[in-house]
Amino acid sequence: MINKKSFISSGFKNLISSNKFSSFAKKSYVNGLLGAIGNTPLIKIKSLSEGEFFLIYVIKLKLLIKETGCNIFGKAEFMNPGGSIKDRAALFVVEEAEKKGQIKAGGTIVEGTAGNTGIGLAHVCRAKGYKLVVFMPNTQSKEKVDTLLQLGAEIYQVPPCPFTDPLNFNHQARKYAEEHQNAVWTNQFDNLDNKLAHFKTTGPEILQQCPKLDAFTCSTGSGGTLAGVTRFLKENSPTTKIYLADPPGSVLYKFVQERIIERTGDSSITEGIGQGRITANMKDEIENITEEAALHIPDAESIRMVFHLLDKDGIYIGASSALNVVSAVKVAKILGPGKNIVTMLCDGANRYASRLTSKSWLESKGLFKEIPLHLKKYIIRE
Ligand SMILES: Cc1ncc(COP(=O)(O)O)c(C=O)c1O
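Residue numbers for the sequence shown follow UniProt numbering, so the first one is 1 and each next one is one higher.
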C-alpha cells in the first residue's frame, strides 16, 4: 500500500509541478487554445454511484444495494478544446517531433486517424502554423469529417483494410510523409510519445483528483491512454487495479484471455477504439493485464448507456465513452461496494449525432430494439 503522504510530497508532487498541463490551474488564463488542453474535471456519475445500502423487509431481511455502491467517476475529456481525449496526444507528438528536429516552421504533419486525433492535430497545426494531412477510414462519422475540413485539414478518406495491407490508412500516411519535404508522420499508434502524454498528464491528474483510486478502466484505440495511465498508476498507486474494456471486433480481449490475436465479434458502432493488433503503445502494459481484467462490452450495452447518461445525468457522450462507463459499472460489480472507479469520457455524442439519434441507422445495426421504451424519445431522427 502506497503511503499517500510521502507519495504526494515527493515524486508525485514533483511530477505534478513539472506537468505543464496541471500548472495552468494556478494561473487565471491559459496561453492560446493549446494551453486549454488537459486539466479536465473528474465527474462523479451520480446515477451510477449513489449506492447506499437499503435494508428492506420482504419475507426475511434482505440487503439490497441501489446501483453499484461504488463511486463511478468519468474524466471529462470531451471538455478539451478539440472536444476529445486525443488533444493531449496530438500536442505531445507534435511538440516531441519539434524537439527531435523532425519538423520545421511551415512543415506538414501527417497522421492516420479515426478522426479525433486528426481534430486535435488540426487545432495544434493551426496554432503552430503547420499544414495537416490526414488519412482516415471512410467509415467514420460525417461530423468528424466536417470538423476536420473546417479546421483546414487535407483529408483522404480511404476504404478500411487490415494493418497488413499496404493500403491501410496508416501506411498511406507514412508514405505521404516520406514523399514530402519537411513532413512528419506522427504515427499515433506506435509512437510512444502518445503514451508519454498520458503518463505525464492524464495519469497524474486522475490520481490528484482521486487519491484513493481502487480501479481504472478504459478502452483503447492506439492504446496511448490506457498504457500511459496504467504505467503512471503502476509506479504511483500500485494497488489500483487496471481493467481493459474492449468493443466487438477488437483482438485485445482474446489476447488478454488466451494470448492469441483473434477478434471477438465482428464490428462495433463505437469509433476510435478497438484494435486488430498490439500497438507499440500497448505492448508493455498489456502484458500486465490479467485475464479476468479484460471486459468485452457488446454494443447494445454501450448504446443503452449513451441514453441512460443523457436521461439521468445530462451527460451526453459518444458510444465509446459509454462503453467505458459500462465497463466501470462491471468493475464495480466485480469489486463490490465502497470503491472508487475512474474511466474516461473521451468525446461528446454530438460528434456522432446523425448516427446515434437516427432510428434507421440504429435499426441497420440491430440496436433500435435494444433501447428501452422510456429512452426512445432521444432518437429524434427517422
Ligand atoms: C473516442 C475515443 N477515442 C480514443 C480513445 C482511446 O484512445 P487511445 O487508445 O488512442 O489513447 C477512446 C477510448 O476510450 C475513445 O473512446
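C-beta: ideal position from N, C-alpha, C; glycine also.
Annotated as proximal: F78 and G348, with beta-carbon spacing under 7 Å. Under the three-state reduction of DSSP, D87 is assigned to helix. N281 places its beta carbon less than 7 Å from that of K195. Look at D246: its beta carbon is at least 6 Å from all of the heavy atoms in ligand 1.
Residue state for A127 is assigned as helix, using DSSP reduced to three classes. A straight-line Cα-Cα distance of about 18 Å links I269 and V158. With a contact defined as Cβ atoms closer than 8 Å, E363 and I303 miss out at about 12 Å.
Counting only the Cα atoms, P204 lies some 30 Å from T147. When only Cα atoms are considered, T40 and E235 end up about 22 Å apart.
Taken in chain order, the whole alpha helix (DSSP H) runs of length 4 or more contained in the segment 185–211 are 192–197, 203–209.
For D246, the enclosing beta strand (DSSP E) covers residues 241–246. Between R88 and H198 a beta carbon distance of about 7 Å is seen, short of the 8 Å cut, so the two are scored as contacting.
Contact between the segment 28–35 and the segment 122–137 is present: 3 or more CB-CB pairs across the two stretches fall below 8 Å. As summarised for the segment 126–180, the continuous alpha helix (DSSP H) elements at least 4 residues long and confined to that stretch are 142–150, 169–178, given in chain order.
Sorting L213, K330, Q188 by C-alpha distance to the C-alpha of V94 places Q188 at the top. The secondary-structure analysis by DSSP pairs V342 across a beta bridge with F73, F216.
By the Cβ-count criterion, I242 is buried, with 16 or more other Cβ atoms from all chains shown falling within 10 Å of its own Cβ. With contact defined as three or more Cβ pairs closer than 8 Å, the segment 275–292 and the segment 318–333 are not in contact. Looking at the DSSP output, S358 sits in a beta bridge with R381. Only buried fits E111, as 16 or more other CB atoms lie within 10 angstroms of its CB. Beta bridge pairing from DSSP links H308 with no other residue. Around the C-beta of H374, fewer than 16 other C-beta atoms lie within 10 Å, and the residue is accordingly described as exposed.
DSSP places T108 in the uninterrupted beta strand (DSSP E) bounded by 108–112. Contact between the segment 292–303 and the segment 240–255 is present: three or more C-beta pairs spanning the two stretches fall below 8 Å. Runs of the alpha helix (DSSP H) spanning 4 or more residues and lying entirely within the segment 246–275 occur at 252–258, in chain order. Counting other Cβ atoms within 10 Å of its Cβ, I206 reaches 16 or more and is therefore classed as buried. A Cβ-Cβ contact shorter than 7 Å links Y352 with G318.
The closest heavy atom of ligand 1 lies 6 Å or more from the beta carbon of D284. DSSP places K234 inside the alpha helix (DSSP H), whose first and last residues are 224–236. Shortest gap from the CB of N324 to any heavy atom of ligand 1: under 6 Å. Assignment of beta-bridge partners to H296 by DSSP yields D246. The segment 177–184 and the segment 103–120 touch, with three or more beta-carbon pairs separated by less than 8 Å.
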